[in-house]
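Peer 1: Per the working numbering: the sequence shown = residues 4 to 353.
Cβ atoms here follow ideal geometry from the backbone N, Cα and C, with glycine treated the same way.
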Amino acid sequence: MNFNNKAILVTGSAGFIGFHLSKKLIQEYPSVTVIGFDSVNTYYDVRLKEERLRLLEETSKRPETGTFHFIKGNLADKALVDSVFSKYQPEIVVNLAAQAGVRYSITNPEAYIESNIIGFFNILEACRHSCDNGALGVKHLVYASSSSVYGGNKKVPYSTEDKTDHPVSLYAATKKSDELLAYSYSKLYQIPMTGLRFFTVYGPLGRPDMAYFGFTNHLVKGETIQIFNYGDMYRDFTYIDDIVEGTSHVMAQIPKEDENKVRHKVYNIGNNSPESLLDFVETLENCLIAEGIITQKGKRELLPMQPGDVYQTYADVRELEKDFGFRPKTSLKEGLSRYAQWYKSFYQSK
Ligand SMILES: NC(=O)c1ccc[n+]([C@@H]2O[C@H](COP(=O)([O-])OP(=O)(O)OC[C@H]3O[C@@H](n4cnc5c(N)ncnc54)[C@H](O)[C@@H]3O)[C@@H](O)[C@H]2O)c1
């Protein structure tokens with residue numbers, strides 16, 4: 004796998020996964036050019052996005068690192084997206100920009116249509132036209148899907164062979180739509196594409212809207228934490244380094260043709276080891292206590308299930324392992340401990 008001398012467009016580069024992926028690419032490949040694209044929206048604390056961009060800029064100034072260019076803009080701005088493709092002519096595109104989150108889609112549905120449908124469509128069109136007039140164009144589009152496409156499926160672990168026709172949130176519906184749009188563009192214009200169904204990603208510089216981060220903030224303030232479905236929920240928590248490593252394996256290899264001669268494939272990237280929410284909270288509290296962030300465990304309020312939530316997520320990663328010899332390996336204790344160390348250095352040293 005070598006990304007040297009390649010131009011790679013990473014959308015969502017001020018976001019959690021896009022930041023870590025961009026950083027790994029410029030750190031490991033001195034002659035890669037990463038073009039970061041992000042609207043830096045205010046869905047969660049912008050200071051965290053600004054910090055990620057600052058770290059990327061700082062890293063790219065070091066000797067022996069690749070180049071990082073950042074463009075602030077909205078994927079829904081077709082003219083801007085087209086101009087980025089014309090100017091930088093990316094060989095690989097990784098589309099991570101999206102409106103994420105399940106609960107927010109109940110109150111702000113427009114944001115999901117704008118970013119995940121119109122924005123993704125603009126990426127597909129730009130990939131298509133990158134090959135105009137015999138240009139080499141985009142060789143591989145890798146895009147983020149989500150474990151949420153499995154909806155309320157009862158059969159576990161979730162396999163990419165399973166049906167995903169019953170989304171229980173608008174977020175899930177947009178991610179499933181992206182997979183279908185990508186398949187059709189891949190077939191129509193022979194552009195290799197790979198969709199990645201990520202399973203609850205956590206780690207340093209993570210997302211404050213996600214449960215582990217919210218729990219931490221409440222525990223630090225001595226507030227009660229709210230646990231839904233009375234704690235009877237299971238999540239396949241996946242550490243960010245595993246997600247980034249898996250994504251870079253996938254980026255380097257275009258999918259083989261399927262039975263319809265289409266180079267489009269979808270993989271699960273998850274830990275293959277679901278944890279109960281109550282055990283998760285216990286491990287988180289222990290890691291926060293070990294770092295001196297809190298001194299004692301918090302109070303818990305057990306509440307019913309929220310609309311849009313699913314009972315469990317559990318990734319079957321055999322396809323990923325078969326095609327790339329890779330599967331996530333970081334234990335929850337190790338990952339949460341690294342998250343707690345970062346949280347302490349970021350919030351408590353200031
Ligand atoms: N983190 C997870 O647990 C998880 C799980 C499943 C899927 N995903 C998917 O992975 C991708 C990355 O997730 P993340 O956790 O890094 O989320 P994130 O919210 O931290 O990052 C997404 C970034 O996209 C940007 N963005 C949103 N709409 C945009 C638009 N229209 N134009 C330009 N930029 C826009 C946001 O400003 C943000 O910085 C998303 O597609 C998400 O749906 C994440």
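Per DSSP, which residues does SER172 bridge with? Please list them.
Peer 2: Position 169 of the sequence shown holds residue 172. The partner list for SER172 (beta bridge, DSSP) is empty, contrary to what the question assumes.
Peer 1: Note down, one range per segment and in chain order, each beta strand (DSSP E) of at least 3 residues found wholly within the segment 101-173.
Peer 2: 143-149
Peer 1: So TYR342 is in the beta strand (DSSP E); what residue range does that whole segment cover?
Peer 2: Here residue 342 is taken as the residue at index 339 of the sequence shown, counted from 1. TYR342 -> not in any beta strand (DSSP E); alpha helix (DSSP H) instead, spanning 335-346.
Peer 1: Taking the straight line between their C-alpha atoms, what separation do you get for SER151 and TYR161?
Peer 2: As a first step, residue 151 must be located in the sequence shown, where it is residue number 148. As a first step, residue 161 must be located in the sequence shown, where it is residue number 158. Taking the straight line joining both Cα atoms gives about 11 Å.
Peer 1: Going by beta carbon distance, what residues of the same chain come within less than 6 Å of ASN232, once the five residues before and after it are set aside?
Peer 2: Sequence index remark: in the sequence shown, residue 232 carries index 229 (1-based). Listed in chain order, the non-local C-beta contacts of ASN232 below 6 Å within the same chain comprise MET308, local neighbours out to five positions each way being set aside.
Peer 1: Measure the C-alpha to C-alpha separation of ALA318 and LEU339 and round it to an integer number of angstroms.
Peer 2: By 1-based counting over the sequence shown, the position of residue 318 is 315. By 1-based counting over the sequence shown, the position of residue 339 is 336. Taking the straight line from one Cα to the other gives about 19 Å.
Peer 1: Whole angstroms is fine: what's the gap from ARG210's alpha carbon to ARG50's?
Peer 2: Numbered from 1 along the sequence shown, position 207 holds the residue referred to as residue 210. Numbered from 1 along the sequence shown, position 47 holds the residue referred to as residue 50. The alpha-carbon atoms of ARG210 and ARG50 are separated by roughly 12 Å.
Peer 1: Closest by CA to TYR46, which one among LEU58, LYS9, THR110, GLU324?
Peer 2: Position 43 of the sequence shown, counted from the start, is the residue given in the question as residue 46. TYR46 has its Cα closest to that of THR110, out of LEU58, LYS9, THR110, GLU324.
Peer 1: Hey, how far is the Cα of ARG266 from the Cα of VAL171?
Peer 2: Indexing the sequence shown from 1 puts residue 266 at position 263. Indexing the sequence shown from 1 puts residue 171 at position 168. Taking the straight line from one Cα to the other gives about 28 Å.
Peer 1: Quick check: the Cα distance between GLU54 and TYR346, rounded to an integer number of angstroms?
Peer 2: To locate residue 54, count along the sequence shown from 1; it is residue 51. To locate residue 346, count along the sequence shown from 1; it is residue 343. Their Cα atoms are separated by approximately 13 Å.
Peer 1: Grab me the residues of LYS81's own chain with a C-beta within less than 6 Å of its C-beta, minus the 5 sequence neighbours each way, in chain order.
Peer 2: Taking the sequence shown and counting its residues from 1, the one referred to as residue 81 is at position 78. The residues are ASN125.
Peer 1: Tell whether a beta-carbon distance below 7 Å holds between PHE202 and GLY311.
Peer 2: If you number the sequence shown from 1, residue 202 lands on position 199. If you number the sequence shown from 1, residue 311 lands on position 308. Their beta carbons are not under 7 Å apart, which means PHE202 does not touch GLY311 by this criterion.
Peer 1: Quick one: what does DSSP say ILE246 is sitting in, helix, strand or coil?
Peer 2: If you number the sequence shown from 1, residue 246 lands on position 243. Helix.
Peer 1: Taking ILE230 as part of the beta strand (DSSP E), name the residues at either end of that continuous run.
Peer 2: Against the sequence shown, residue 230 aligns to sequence position 227. That run of the beta strand (DSSP E) goes 228-230.
Peer 1: If the criterion is Cβ atoms closer than 7 Å, does the pair LYS268 and THR167 meet it?
Peer 2: Residue numbering aside, residue 268 sits at position 265 when the sequence shown is read from its first letter. Residue numbering aside, residue 167 sits at position 164 when the sequence shown is read from its first letter. Using a Cβ distance threshold of 7 Å, LYS268 and THR167 do not count as a contacting pair.
Peer 1: Below 8 Å on the Cβ atoms is my contact criterion, and I expect LYS75 with VAL43 to pass it. Report the Cβ-Cβ distance as a whole number of Å.
Peer 2: Position 72 of the sequence shown, counting from 1, holds the residue named residue 75. Position 40 of the sequence shown, counting from 1, holds the residue named residue 43. Rounded, the Cβ-Cβ distance is 6 Å, consistent with contact.
Peer 1: Using only alpha-carbon positions, find the residue among GLY249, GLU128, TYR115 that is nearest to GLY328.
Peer 2: Against the sequence shown, residue 328 aligns to sequence position 325. For GLY328, the closest of GLY249, GLU128, TYR115 by C-alpha to C-alpha distance is GLY249.
Peer 1: Identify which residue in GLN92, GLY122, VAL223, PRO93 has its Cα closest to the Cα of GLN102.
Peer 2: As a first step, residue 102 is located in the sequence shown; it is residue number 99 there, counting from the start. It is GLY122 whose Cα lies nearest to the Cα of GLN102.
Peer 1: Can you tell me where the beta strand (DSSP E) holding GLY198 begins and where it ends?
Peer 2: On the sequence shown, residue 198 is found 195 positions in, with the first residue counted as 1. Unbroken beta strand (DSSP E) run through GLY198: 196-201.
Peer 1: Report buried or exposed for GLU60, applying the criterion of at least 16 other Cβ atoms within 10 angstroms of its Cβ.
Peer 2: Along the sequence shown, read from residue 1 onward, the residue named residue 60 stands at position 57. By the neighbour-count rule (16 or more Cβ atoms within 10 Å), GLU60 is not buried but exposed.
Peer 1: Locate the alpha helix (DSSP H) running through GLY21, then write down its first and last residues.
Peer 2: Your numbering for residue 21 matches position 18 in the sequence shown. From DSSP, the alpha helix (DSSP H) with GLY21 extends over 19-31.
Peer 1: Going by DSSP, what residue range makes up the beta strand (DSSP E) through GLY76?
Peer 2: Taking the sequence shown and counting its residues from 1, one reaches residue 76 at position 73. Element bounds for GLY76: n/a, residue is neither H nor E.
Peer 1: With distance defined between alpha-carbon atoms, name the residue in GLN229, PHE88, ALA100 nearest to GLY15.
Peer 2: Numbered from 1 along the sequence shown, position 12 holds the residue referred to as residue 15. Among GLN229, PHE88, ALA100, the Cα nearest to that of GLY15 is on ALA100.
Peer 1: Does the segment 184-192 come close enough to the segment 233-242 to have 3 or more Cβ pairs within less than 8 Å?
Peer 2: Between the segment 184-192 and the segment 233-242, the count of C-beta pairs closer than 8 Å stays below three; the two stretches do not touch.
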